[in-house]
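Since the structure comes first, as structure tokens, the remarks are kept for the end.
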Amino acid sequence: MRPPCEPPQRERWFIPAPRRSPMLIIDQTGKAVHSNIKQAISVAIQRRPMTHVRGIIVHQTDSPSAQSTLNSYKNGRSGAHFLIAKDGTIYQTASLLNQTWHVGRLRARCLVKMTCSPVELKLLRQFDPKAEHRREMSKHVPDRYPSNEDSIGIELVGEALPRNAPDDQRVYEAVTARQAKSLKWLILELRTTFGVPVTEVFRHPTVSRKNPSEAATATW
């Protein structure tokens with residue numbers, strides 16, 4: 083008798099697990115190309131080339147509107163790479179190929195990580211932010227915080243109120259729900275695109291001596 087015919091075996095195809103690819107395209111001028119981002123580059127706030135991105139710093143503007151901040155950037159010296167308006171609109175304000183002055187003098191990260199050497203601890207007993215910053219800049223991330231030379235800055239529109247109070251008594255406005263949504267999206271895209279771990283995303287007062295309430299309500 084003839085053996086029964088076996089059904090033909092289907093050829094097996096390997097289907098890889100879905101991988102999330104970066105949604106941001108960074109063009110040759112450093113612009114992030116995406117429908118969620120409006121271009122508002124201010125050349126005045128761009129500094130020397132930024133060859134590596136090792137962190138992201140979240141700020142608040144201490145200004146009443148996105149337009150007032152954009153106006154200040156046109157002739158300003160300091161600024162960040164992105165600005166998020168209260169309605170959630172994201173503006174790119176500087177090329178991602180350039181540094182901007184948005185961080186300021188760094189705090190000693192070893193105090194938080196509890197890794198300061200005896201020599202460092204002795205020097206830190208003297209309040210000298212300029213010297214502290216200089217020592218930190220001799221290190222590399224993650225032994226120090228990300229700085230102007232290797233971090234992307236994101237500004238959220240928001241004032242420190244009341245405006246007529248001393249600086250140490252002013253409190254920044256809460257981030258709006260739309261700002262929070264845009265910030266979360268933007269940070270995830272930048273982290274994915276540049277390979278930045280979430281441990282290297284900070285609020286401004288964490289890395290530098292600023293009003294503690296700045297970006298205190300920001301989440302990502």
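Everything in the sequence shown is counted per the numbering used here, starting at 83 for the first residue and increasing by one.
Yeah, the Cβ is synthetic: ideal placement off N, Cα and C, and Gly gets one too.
- Leu203 is classed as exposed because its beta carbon has fewer than 16 other beta carbons within 10 Å across all chains shown.
- DSSP places Pro200 in the helix class (H, G or I) of the three-state scheme.
- Assignment of Lys221 by DSSP, reduced to helix, strand and coil, places it in the coil class.
- Taken in chain order, the complete beta strand (DSSP E) segments of 3 or more residues contained in the region 114 to 194 are 119 to 121, 137 to 142, 164 to 166, 172 to 174.
- Excluding sequence positions up to five before and after Leu193, its CB lies within less than 8 Å of the CB of Leu206, all in the same chain and listed in chain order.
- Each of Val135, Asp250, Ala298, His141 was checked against the Cα of Phe164, and the nearest Cα belongs to His141.
- Counting along the chain, no alpha helix (DSSP H) covers Phe284; the unbroken beta strand (DSSP E) around it starts and ends at 283 to 285.
- Proximity to Ala242 across Lys120, Asp109, Gly112, Asp144 peaks at Asp144, based on C-alpha coordinates.
- Looking only at His215, Asp169, Ser295, the smallest Cα-Cα distance to His286 is reached by Ser295.
- If you draw a straight line from the Cα of Phe209 to the Cα of Val257, it comes to about 32 Å.
- With a 10 Å radius around the Cβ and a threshold of 16 neighbouring Cβ atoms, Gln121 comes out exposed.
- Shown here, Ser229 sits in coil according to DSSP, grouped into three states, outside any helix or strand.
- DSSP, reduced to helix, strand and coil, places Ser264 within a helical segment of the structure shown.
- Taken atom to atom, the span from the alpha-carbon of Ile166 to that of Ile172 is near 5 Å.
- Per DSSP, reduced to three states, the secondary structure at Ala259 is helical.
- Per the DSSP secondary-structure output, Gly240 pairs with nothing in a beta bridge.
- Setting aside the 5 residues that flank it on each side, Lys212 is surrounded in the same chain by Arg187, each with a C-beta closer than 7 Å to its C-beta; the list follows chain order.
- Relative to Ser147, the option among Ile119, Ser177, Gln261 whose CA is nearest is Gln261.
- Excluding residues up to 5 positions away in sequence, Thr143, Ser145, Leu165, Glu237, Val239 lie with their Cβ nearer than 7 Å to the Cβ of Thr151 in the same chain.
- Shown here for Ile119: same chain residues with a beta carbon closer than 7 Å to its own, the five before and five after excluded, namely Ile172, Gln174 in chain order.
- The beta carbon of Arg245 sits closer than 8 Å to the beta carbons of Arg252 from its chain, once the five residues preceding and following it are set aside; these are given in chain order.
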